[in-house]
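Participant: Got a structure for you, written out below as structure tokens; questions coming shortly.
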Amino acid sequence: MGVRTLAYRLGLFTLLRELQYTLSQAKQEPLAAGYVPVFQALRDHWKLILLEEIDILDLLAQAQAGVDKADGGLDGFAGRVSRIVDESTSGNTRKQLRKALFKNKPLAKFRRPVLGGQLALMSDWAETLAKCGVPVLVALAPEAETLVAAAEDADKQRKSAQSTNRDFRDVGNRKQFIDKVNAARKEAHGGLAKLPFENHSLPRDFAERFFYSEPPRDEEETIDEVKTSIEELTAQLEERKALLAKLEEEAEAEARAEEERLAQAEAAEELEAQAKALLEKAAALKAKTKK
Numbered sequence: 619m620g621v622r623t624l625a626y627r628l629g630l631f632t633l634l635r636e637l638q639y640t641l642s643q644a645k646q647e648p649l650a651a652g653y654v655p656v657f658q659a660l661r662d663h664w665k666l667i668l669l670e671e672i673d674i675l676d677l678l679a680q681a682q683a684g685v686d687k688a689d690g691g692l693d694g695f696a697g698r699v700s701r702i703v704d705e706s707t708s709g710n711t712r713k714q715l716r717k718a719l720f721k722n723k724p725l726a727k728f729r730r731p732v733l734g735g736q737l738a739l740m741s742d743w744a745e746t747l748a749k750c751g752v753p754v755l756v757a758l759a760p761e762a763e764t765l766v767a768a769a770e771d772a773d774k775q776r777k778s779a780q781s782t783n784r785d786f787r788d789v790g791n792r793k794q795f796i797d798k799v800n801a802a803r804k805e806a807h808g809g810l811a812k813l814p815f816e817n818h819s820l821p822r823d824f825a826e827r828f829f830y831s832e833p834p835r836d837e838e839e840t841i842d843e844v845k846t847s848i849e850e851l852t853a854q855l856e857e858r859k860a861l862l863a864k865l866e867e868e869a870e871a872e873a874r875a876e877e878e879r880l881a882q883a884e885a886a887e888e889l890e891a892q893a894k895a896l897l898e899k900a901a902a903l904k905a906k907t908k909k
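Going by the numbering used here, the sequence shown opens with residue 619, and the numbers climb by one from there.
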């Protein structure tokens, strides 16, 4: 029976447990003294890998914070522009602007992606606003350019941090370190497994005793522990259900607001058409009275 191969996705503190267990067993067994320096070196090297992982986690957190801030800026700006379009334009101008800016999507749906699709859709806003001919919107073009540039930089930083993390785990120092640990474990197990054949007083499972193994299931978790775990999971489920209900309620409210906005826009256009017809009728009547 060979030693278990540790997975690349293994948590570093679980990996520490494996290393420290073997190291501690080897220190207490003279026959395994030759493996102490190997596992002590790996134990020390583990600290460097941990520090590198912490640095990468810092990068990921900082990048995500930048993304969330940039996304909030774009969302707020999109909301302001939507209101100004409705308040400052009408008819075909309003329709054309909403199509050019929001691609005929409701505001709630347009703002939903965190950067990604939303950023791509807003990449031309500065140019569109600058050329729209509506002064209050034209004045917003520089702000659009600044917000989009900040969002693009935040997205770039996030992708860079994610790439660094993937490299670290898939081909870099973390992966290479786990390869070294697995190689050392395999070599140690092979050497220790030979000893019972040379010294018959040693148990056949002598080598297995140097490597951590999970306790039997009935000792791993008690009934009370399982009940506690279920209670915690149930509480988490209730929290997620409450969050889902809140998000659905907000989505429905946004959809109703969008429907109301469209209805108001249609009513305004109808009133404008009626006013235009009345003005034309009044002009015709005036023309008749002059004859």
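Ideal Cβ positions, reconstructed from N, Cα and C, are used throughout, including at glycine.
Need the endpoints of the alpha helix (DSSP H) that H807 sits in, please.
Facilitator: N791 to E816 is the span of the alpha helix (DSSP H), which, as asked, contains H807.
Participant: Is S700 closer than 8 Å to V754 when the C-beta atoms are compared?
Facilitator: Contact flag unset, no.
Participant: For L668 and L630, I'd like the C-alpha separation in whole angstroms.
Facilitator: Going by the C-alpha atoms only, they are around 7 Å apart.
Participant: Under a three-way DSSP split, which group does K723 fall into?
Facilitator: In this structure, K723 counts as coil in the three-state DSSP scheme.
Participant: Alpha carbons only, please: which of T852, A696 and T746 is nearest the one belonging to K727?
Facilitator: Taking only the C-alpha atoms, the option nearest K727 is A696.
Participant: How many Å lie between R635 and F795 at the Cα?
Facilitator: C-alpha separation (whole angstroms): 15 Å.
Participant: P834 by DSSP, collapsed to three states: which one?
Facilitator: Residue placement at P834 is flagged as unreliable, the pLDDT there being 44, under the threshold of 50; the coordinate-derived value follows with that caveat. Residue state, collapsed to three classes: coil.
Participant: Three or more C-beta pairs under 8 Å: does that hold for the region 862–873 against the region 722–740?
Facilitator: Touching, yes.
Participant: Compare the Cα-Cα distances from D686 to each of L897, V799, A885 and Q775 and report the closest residue.
Facilitator: Closest option to D686, Cα to Cα, is Q775.
Participant: With a threshold of 8 Å, are at least 3 pairs of Cβ atoms found where one atom belongs to the region 741–750 and the other to the region 760–768?
Facilitator: Taking 8 Å as the limit for Cβ pairs, the verdict is that the region 760–768 does touch the region 741–750.
Participant: Check whether the Cβ atoms of A779 and L678 lie closer than 8 Å to each other.
Facilitator: Yes, Cβ-Cβ distance for A779 and L678 is below 8 Å.
Participant: Taking the alpha-carbon positions, what's the S603 to A883 distance?
Facilitator: It is not possible to answer for residue 603, since the shown part of the chain is limited to 619 through 909.
Participant: Among residues of its own chain, excluding the 5 on either side of E826, which ones have a beta-carbon nearer than 6 Å to its beta-carbon?
Facilitator: The answer is none, since no qualifying residue turns up.
Participant: Which residue's Cα is closest to the Cα of P731: N791, L719, A757 and G690?
Facilitator: Closest option to P731, Cα to Cα, is G690.
Participant: Tell me which same chain residues have a C-beta within less than 7 Å of the C-beta of F824, skipping the five on either side of it?
Facilitator: Only L810, L813 and P814 meet the Cβ criterion.
Participant: Any contact of the region 733–740 with the region 878–893, i.e. 3+ C-beta pairs under 8 Å?
Facilitator: No: the two stretches stay apart, fewer than three of their Cβ pairs being nearer than 8 Å.
Participant: Just to confirm my understanding: we take Y653, look at its own chain, exclude 5 residues before and 5 after, and list those with CB closer than 7 Å. What are they?
Facilitator: Correct list, in chain order: A644 and A806.
Participant: Distance, Cα to Cα, G684 vs K713?
Facilitator: Those two C-alpha atoms are separated by around 33 Å.
Participant: Below 8 Å on the Cβ atoms is my guess for V621 versus R858; work out the distance and round it to an integer in Å.
Facilitator: With a Cβ gap of about 40 Å, V621 and R858 do not count as contacting.
Participant: Could you check which residue in R627, G694 and A650 has the C-alpha nearest to that of E671?
Facilitator: When each option's Cα is compared against that of E671, the closest is R627.
Participant: According to DSSP, is R874 part of a helix, a strand, or is it coil?
Facilitator: DSSP places R874 in helix when its eight states are reduced to three.
Participant: Pull up the distance between the alpha-carbon of V703 and that of L739, whole angstroms please.
Facilitator: Each residue's alpha carbon lies about 17 Å from the other.
Participant: Using 10 angstroms around the beta-carbon of R698, count the other beta-carbons present and answer buried if the total reaches 16, otherwise exposed.
Facilitator: Per the 10 Å Cβ criterion, exposed.
Participant: Identify which residue in E850, E877 and L633 has its Cα closest to the Cα of W664.
Facilitator: Comparing Cα positions, the closest option is L633.
Participant: Extract the residue ranges of the alpha helix (DSSP H) inside the region 674–755, only unbroken runs of 4 or more that lie entirely within it.
Facilitator: DSSP runs (the alpha helix (DSSP H)) wholly in the region 674–755: 709–720, 725–729, 735–740 and 743–748.
Participant: Mind reading off the beta-carbon distance from L660 to L624? Whole number of angstroms is fine, and I expect it under 8 Å.
Facilitator: In fact, because the Cβ distance is near 12 Å, the residues do not count as touching under 8 Å.
Participant: For D797, collect the residues of the same chain with a Cβ closer than 7 Å to its Cβ; drop the 5 residues on either side in sequence, then sort them by chain order.
Facilitator: Contacts found: none.
Participant: Identify whether A900 lies in helix, strand or coil by the three-state DSSP scheme.
Facilitator: Note: A900 maps to helix in three-state DSSP.
Participant: Nearest-angstrom Cα distance between P648 and T782?
Facilitator: Going from the Cα of P648 to the Cα of T782 covers about 42 Å.
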